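Presented below is the structure to which this report refers.
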Amino acid sequence: MDAQQWLDNVTTEHVTGTYVDPSRKSEMFVGVAELWFATKSTKQPKTIAGYRSCSIGWFCRGGADVALKDIGHEDVQAWVTGLSKSGYRFTDRGLSASRVFQAYQVVDRFLRYAIRTKRLAINPANDVELPRKTEPEKRYLSHEQVADLAGEGERSRVLVLVLVYCGLRFGEAVALRVKNVDIERKRLQVRSSATAVAGQGSSRAIQRTLTLDRYGHLFPDDLDSVASALGAAYRLHTDGVVSFSTIASIAR
């Protein structure tokens with residue numbers, strides 16, 4: 160390419176708004192990804208950890224960094240296709256279509272950020288072919304199966320019943336505080352959810368109300384003993400976290 164042709168190309172890029180400073184598009188994927196993560200301060204730590212895993216952990220497999228300008232459409236397509244094959248994350252199977260789609264979305268959003276910040280002119284993730292998502296068969300436990308599961312461990316019996324019949328997620332149950340249990344009305348005020356991110360605990364604020372007695376007729380003795388145990392704990396320490404194993408021992 161001679162000097163005049165190069166100048167013409169640069170001029171065209173400026174006019175069309177696609178010009179990118181060579182030094183900007185030569186920046187490395189991981190470094191720019193960290194800048195992108197920093198813009199997500201409103202996201203939960205678990206969400207950021209997921210972004211990091213899908214982008215730096217999966218796209219830059221094995222920690223192999225790459226310059227933005229060297230990422231082509233065929234690279235993104237090969238990466239997406241590879242996620243569905245065994246050996247990428249698991250030895251015996253590939254990722255599900257929904258997980259592949261989630262991973263692709265993260266990298267696509269990152270590349271869009273690179274375009275907005277004038278590091279790329281076009282998105283190499285455009286028009287990538289994704290696996291077709293299928294709806295998995297849903298399986299539900301019968302009341303008898305729930306009773307059998309709850310009966311497997313005395314210390315976890317109450318927790319199993321509350322998770323199944325009250326609708327608490329595990330993180331919500333772990334973060335449930337005594338003061339958020341309405342003994343009289345048999346209601347749970349869910350205010351937070353706990354999760355583990357990179358070996359460290361974190362929580363997020365939520366707000367919803369669940370009832371203890373929707374299916375209480377199926378385990379009336381447990382319901383009454385749980386309410387009594389929670390009442391005793393409430394009188395002792397209203398801001399404490401509910402210990403389901405302690406409740407089980409009190410209930411006995």
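Sequential numbering from 160 applies to the sequence shown in the working numbering. Glycine residues also receive a C-beta, built at the ideal position from the N, C-alpha and C atoms. Bear in mind the structure is a predicted one, so any value in this text is a computation, not a measurement.
Legend entry - Counted within 10 angstroms of its Cβ, other Cβ atoms place residue 237 as buried (16 or more) or exposed: exposed
Legend entry - alpha helix (DSSP H) segment containing residue 257, residue limits: 256–275
Inset, instruction - Measure the Cβ-Cβ separation of residue 292 and residue 256 and say whether it is below 8 Å. - result: yes
Legend entry - Beta-carbon contacts of residue 179 that lie in its chain and below 7 Å, excluding the five residues immediately before and after: 277, 278, 279 and 280
Legend entry - Pairwise C-alpha distance: residue 326 and residue 302: 15 Å
Legend entry - Segments of 4+ residues assigned as alpha helix (DSSP H) that fall wholly inside the segment 279–321: 302–309
Legend entry - Residue range of the alpha helix (DSSP H) that includes residue 239: Note, residue 239: alpha helix (DSSP H), 232–242.
Inset, instruction - Mind reading off the beta-carbon distance from residue 207 to residue 218? Whole number of angstroms is fine, and I expect it under 8 Å. - result: So it is not a contact: roughly 16 Å between Cβ atoms.
Inset, instruction - Report, in whole angstroms, the separation of the C-beta atoms of residue 283 and residue 270, which I expect to be a contact under 8 Å. - result: 7 Å
Legend entry - Assigned secondary structure, residue 179 (DSSP; H/G/I helix, E/B strand, else coil): coil
Legend entry - Helix, strand or coil at residue 332 [DSSP, three-state]: helix
Legend entry - Proximal residues to residue 322 (C-beta, below 7 Å), its chain only, five neighbours per side dropped: 329 and 332
Legend entry - With 16 other Cβ atoms within 10 Å as the buried cut-off, status of residue 223: exposed
Inset, instruction - Give the secondary structure of residue 226 by DSSP, where H, G and I count as helix, E and B as strand, and everything else as coil. - result: strand
Inset, instruction - Please report how far the alpha carbon of residue 267 lies from the alpha carbon of residue 352, in whole angstroms. - result: 29 Å
Inset, instruction - Report buried or exposed for residue 320, applying the criterion of at least 16 other Cβ atoms within 10 angstroms of its Cβ. - result: buried
Legend entry - the segment 235–249 touching the segment 179–190, judged by at least three CB pairs closer than 8 Å: Taking 8 Å as the limit for Cβ pairs, the verdict is that the segment 179–190 does not touch the segment 235–249.
Inset, instruction - Please determine, among 184, 258 and 341, the residue with the shortest C-alpha to C-alpha distance to residue 294. - result: Nearest C-alpha to residue 294: 258.
Inset, instruction - Could you tell me if residue 347 is buried or exposed, where buried requires 16 or more neighbouring beta carbons within 10 angstroms of its beta carbon? - result: buried
Inset, instruction - Identify the continuous alpha helix (DSSP H) that holds residue 247 and give its terminal residues. - result: Residue 247: not part of any alpha helix (DSSP H); DSSP gives it neither H nor E.
Legend entry - 8 Å Cβ cutoff met for residue 210 and residue 265: Yes, Cβ-Cβ distance for residue 210 and residue 265 is below 8 Å.
Inset, instruction - Classify residue 368 as helix, strand or coil using the three-state DSSP reduction. - result: In the structure shown, residue 368 falls within a strand segment according to DSSP collapsed to helix, strand and coil.
Legend entry - Residues that DSSP places opposite residue 347 in a beta bridge: 340 and 369
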